[in-house]
Amino acid sequence: MECGDIIYRSTLPQQSGLTVTAPGVSLALAAVSYLWATPGVAPGFFDMFVLAFVERRLRPSYRKEDFVLGKKIGEGAFGVVYKASLAKPKPSNPKGDLVLKKATEYGAVEIWMNERVRRACASSCADFVYGFRESLLKGKGRGEYWLIWRFEGEDTLYDLMKSKEFPYNVETKILGEVQDLPKGLERENKIVQTIMKQLLFALDSLHSTGIVHRDIKPQNIIFSEGSRTFKIIDLGAAADLRVGINYIPKEFLLDPRYTAPEQYIMSTQTPSAPSAPVATALSPVLWQMNLPDRFDIYSMGLIFLQMAFPSLRTDSSLIQFNRQLKRCEYDLDSWRKTVEPRANADLRKGFELLDLDGGIGWELLTLMIQYKARQRTSAKAALAHPYFNQEGLLGLSYMQNLRLQWFRATQKDYSDAAMWVIGLMARSGTESVGGFTEAQLQELRDIQPKKGSSQRNALASVLRLQRKVTRTLNESMNELNRQTKNIWWSRWIPKEE
Ligand SMILES: Nc1ncnc2c1ncn2[C@@H]1O[C@H](COP(=O)(O)OP(=O)(O)OP(=O)(O)O)[C@@H](O)[C@H]1O
Ligand SMILES: [Mg+2]
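Residue numbers (our numbering): 159 to 655.
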């Protein structure tokens, strides 16, 4: 230092780079948890901008001419399904038979969902090979979407359940061998348990990635001979709640035999899909507010019911059951009280099977078939239910067993967090200490607030305000995206050259 230099000493604390503070860490943790909470904003970005991109570069693409169509195996309102094979198979091509669906405009949604599932949870659904939009003849017509899967096997769960031999006709398929037990309730129960476990695993994986199937029924569950497991098919009515695709399928008539009473996966207050950025940003909140996955759980509960009760396996008996349950205000216990005294042998057999081991089967069923979505169990919590405890590891892979143990240990279910958020909202909208219970809140969502109740009116205002904010955000984003709103994601669907 030279003589005459002036030394300035700041009185401010010196900046020493990044300072870690407790509130800062909590905020960062909260942000990270939010980004990773179901349906997963952060994994969604990674999937869309990294995995999807890499996959497109690496996977082979196909054209119409590459396939030879075989016999028709299904025809729905929106597509025809054929067995198919490759015209000129190469060593790198998928081995064995294929299934090809020619679909109308909803094929685009189905391609999107199948590609998402292939990247996130391939073993839950039929093995998807490729999907594209066919080239139009001189630009005429609307064009068809072609979707190709590996042929998983001949039988859907519906086909298997139609047989008088069910569930014994599934035993060697899933367990590899006949159990060392005499024919009877216990043996049947083990087979049903194993099927339910496989179905719930598949469903949980779909839900964890933010996809709700909305058309869960035995006809849409195929037995995969290769992996010896049941897999989910037909994602044409599914909704991807990470980005809001197919939130409301416009013309889809959901199958009334298996749909949950609410009909919609989201509250009717937010009926239309928000634009993609809003849907993505709000997806963890919307998921926890609406619990859309519980829609599929109700359908899965009906499948469980049909597996347990031979007399409820036909369409007409299921329709009759639905009517009776509605009359009992969707209370399964009161349905039981009504029908059990005059039950025939088939019906009694169902009750006996579910009553084994202290009635844990019945308990799980009642957790799945509940009128209110919030009172239904999630797929993850169902897997951790004691129903699957004894001998429970039959028919699962090593990794699935590990995951099952992990679920049991953690019971990872965000419903408690949701309750907490809703509780906070309730408290912030009331003057008195304590706020509302969840039951009261749910009630408030379902019915008009009564005049004269200041607590209820205050809370109703909070909920109205919250809906208004969501609506305003949506509308402004929609305005910005008007031109591209419905087609922004279709650039992800390959087209034939
Ligand atoms: N990957 C697959 N492997 C074997 N069979 C399959 C596969 N995918 C579909 N199928 C068969 O094709 C049928 C129809 O498939 P899907 O449910 O996807 O079409 P859909 O449009 O709903 O037609 P449908 O109304 O007949 O069910 C299924 O019930 C099943 O028998
Ligand atoms: Mg189908």
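Note that CB positions come from ideal geometry on N, CA and C, so glycine has one too. Being a predicted model, the structure only gives us computed values, none of them experimental.
- If you check the C-beta of E233 against ligand 1, you find a heavy atom less than 8 Å away.
- Ranking E310, S475, M206, V497 by CA distance to the CA of T387 puts E310 first.
- With fewer than 16 other CB atoms across the displayed protein chains lying within 10 angstroms of its CB, F204 is exposed.
- If one requires a minimum length of 4 residues, the alpha helix (DSSP H) runs lying completely within the segment 195 to 228 are 199 to 204, 210 to 216, in chain order.
- Secondary structure at L256: strand, using DSSP grouped into helix, strand and coil.
- Assignment of S243 by DSSP, reduced to helix, strand and coil, places it in the strand class.
- Short of 6 Å from the beta carbon of V226, and not among the five residues preceding or following it, lie these beta carbons of its own chain, in chain order: S243, A245.
- When the five nearest sequence neighbours on each side are left out, the beta carbons in the same chain lying within less than 7 Å of the beta carbon of F236 are those of A261, T262, Y264, G394, in order along the chain.
- According to DSSP, L193 shares a beta bridge with no other residue.
- Burial is judged here by how many other beta carbons sit within 10 angstroms of a residue's own beta carbon; S536 has at least 16 and is buried.
- In this structure, P218 is the residue among V238, P218, G228 with its C-alpha nearest to the C-alpha of K248.
- Scanning its chain for C-beta atoms nearer than 6 Å, with the 5 sequence neighbours on each side dropped, one finds around Y545 the residues I518, G519, L522, in chain order.
- Its chain contains A245 as the residues whose beta carbon lies nearer than 8 Å to that of E223, once the 5 sequence neighbours on both sides are disregarded; these appear in chain order.
- The closest heavy atom of ligand 1 lies less than 8 Å from the beta carbon of G311.
- Judged by the Cβ position, I374 fails to qualify as a neighbour of ligand 2 at the 8 Å threshold, every heavy atom of the ligand being at least this far.
- Within its own chain, the residues whose Cβ lies closer than 6 Å to the Cβ of L514, once the five positions on either side in sequence are excluded, are N347, listed in chain order.
- Assigned with DSSP and collapsed to three states, A540 falls in helix.
- Cβ-Cβ separation between I369 and N378: approximately 14 Å, too far for a contact (criterion under 8 Å).
- Placement of the Cβ of N272 at a distance of 8 Å or more from every heavy atom of ligand 1 is found.
- For Y303, the uninterrupted beta strand (DSSP E) segment begins and ends at 303 to 308.
- DSSP, read as helix, strand or coil, puts R291 in strand.
- At the C-beta level, D285 and F381 stay beyond 9 Å of one another.
- For S321, there is no enclosing beta strand (DSSP E), as DSSP marks it with neither H nor E.
- Rounded to whole angstroms, the gap between the alpha carbons of Q482 and E498 is 13 Å.
- Between the alpha carbons of L412 and R372 lies a gap of roughly 7 Å.
- Boundaries around S382 are those of the beta strand (DSSP E), 379 to 382, since no alpha helix (DSSP H) includes it.
- Taking C-beta atoms as the reference points, I332 and Q356 count as a pair closer than 9 Å.
- Around the beta carbon of V190, fewer than 16 other beta carbons lie within 10 angstroms, which makes this residue exposed.
- Straight-line measurement puts the Cα of E323 at about 30 Å from the Cα of L364.
- Looking at P325, R415, A188, the one whose alpha-carbon comes closest to that of K341 is P325.
- In the three-state scheme derived from DSSP, where H, G and I count as helix and E and B as strand, V178 is classed as coil.
- If only uninterrupted beta strand (DSSP E) runs of at least 3 residues are considered, none is enclosed by the segment 477 to 531.
- A distance below 8 Å between beta-carbons, with the five flanking residues on each side excluded, links Y220 to the following residues of its chain, in chain order: V287, Y288, F290, I306.
- Per DSSP, I391 lies in no beta strand (DSSP E) and is assigned neither H nor E.
- Cβ atoms of W445 and P197 come within 8 Å of each other, at about 6 Å.
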